[in-house]
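Inspection log for the structure reproduced underneath, given as structure tokens.
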Amino acid sequence: MATEMMISIVNPESPDGSDKQYEIKYLEYTLSTVVTIKPSSVDKWISDIEGTYHDRLDSLVVGLDIEWLHNDSKKVEHRAATLQLCVESSCLIFQIIHATEIPMSLKNFLKNPQYTFVGVGIEYDAEKLFRDYELVVRRKSELKTLALEETGVKTVVNKGLTELAAMVLEKDKETMKLESATMSPWDDKQLTLEQVQYASLDAFLSFVTGKILLFGKQS
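In the numbering used here, the protein residues as written are 75 to 293.
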């Protein structure tokens with residue numbers, strides 16, 4: 075049975091070009107997601123995170139993922155269109171391809187040696203962020219590697235994010251399935267509800283899986 079999910083727009087009357095805020099209910103979790111093209115909003119999200127978790131910044135775990143427009147041509151690879159970050163229930167979708175500039179706060183956040191960025195395929199995502207935007211992700215951990223070190227089961231490296239999360243959270247993977255939006259037009263300025271939900275949950279599941287693998291369930 076597929077997971078019942080709900081996504082709602084917190085500020086449905088927001089004008090074009092302003093931030094969009096969403097509430098996403100998934101399993102027992104309620105996520106708050108900001109979708110923005112504005113550097114100042116990225117500044118605020120980072121400031122809020124660092125303020126909220128000021129007493130444990132030396133062990134901060136951040137779920138990271140990116141999306142870009144895919145096509146049939148192997149000769150053309152589009153730039154990353156969105157950068158997703160998630161800490162606990164707070165998620166950011168930065169539509170980096172439409173941003174007028176990349177804020178210094180984001181550059182410093184990504185290269186902070188105290189913060190650990192986690193995800194499936196994190197090395198590739200980090201390389202792409204550097205190629206496309208010269209952003210450096212300093213400290214990163216591949217979830218498949220963490221799961222292999224934790225379990226000793228070699229087949230975990232063949233699992234996708236949802237399967238890894240189900241294993242770590244001890245949940246039925248069928249209840250956690252996400253509707254894929256990988257092939258969506260991620261360079262669109264107005265993301266659909268399905269895109270926002272998919273992007274948020276990818277970053278969130280990366281976060282929660284990484285946090286447990288690094289620090290255990292009581293962290």
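Glycine is no exception: its CB is placed at the ideal position from the N, C-alpha and C atoms.
Where residue i falls: helix, strand or coil (DSSP)
i: Y103; result: strand
i: M79; result: strand
i: K94; result: strand
i: G137; result: strand
i: Q264; result: coil
i: K202; result: helix
i: K214; result: strand
i: S179; result: helix
i: V230; result: helix
i: V108; result: strand
i: S274; result: helix
i: K285; result: helix
i: S280; result: helix
Beta-carbon proximity check, residue i vs residue j, cutoff 8 Å
i: V270; j: T107; result: yes
i: Q158; j: D139; result: yes
i: E216; j: I196; result: yes
i: W119; j: L166; result: yes
i: Y96; j: M79; result: no
i: L243; j: G284; result: no
i: V194; j: G234; result: yes
i: L180; j: W260; result: no
i: E141; j: A239; result: no
i: A255; j: E268; result: yes
i: I81; j: I98; result: yes
i: G137; j: C160; result: yes
i: L288; j: T190; result: yes
Closest by C-alpha distance to residue i, when choosing among the options
i: I286; options: L101, E162 and K247; result: E162
i: S92; options: V116, V231 and I81; result: V116
i: M241; options: D261, R153, T266 and K218; result: K218
i: Y207; options: G125, H172, M257 and T126; result: H172
i: H152; options: I81, P113 and M257; result: M257
i: S164; options: Q264, A200 and I123; result: I123
i: Q264; options: G226, A155 and D129; result: A155
Boundaries of the alpha helix (DSSP H) in which residue i is found, first to last residue
i: S115; result: P113 to T126
i: I171; result: I171 -> no alpha helix (DSSP H), and no H or E assigned at all.
i: V242; result: L235 to L243
Any C-beta of chain B under 8 Å from that of residue i
i: I83; result: Absence of chain B from the displayed structure is noted, only one protein chain being present.
Span of the beta strand (DSSP E) around residue i
i: A154; result: A154 to V161
i: V192; result: T190 to G193
- Cβ pair count under 8 Å reaching 3, the stretch 122-133 against the stretch 169-177: Result no; under three Cβ-Cβ pairs closer than 8 Å.
- Is there contact between the stretch 272-288 and the stretch 94-107, where contact requires at least three CB pairs shorter than 8 Å? The stretch 94-107 and the stretch 272-288 touch, with three or more beta-carbon pairs separated by less than 8 Å.
- Task: Assess, as a yes-or-no matter, whether the stretch 248-260 is touched by the stretch 206-221 under the definition of 3 or more beta carbon pairs within less than 8 Å.
- Result: Taking one beta carbon from each stretch, the stretch 206-221 and the stretch 248-260 have fewer than 3 pairs nearer than 8 Å; the two do not touch.
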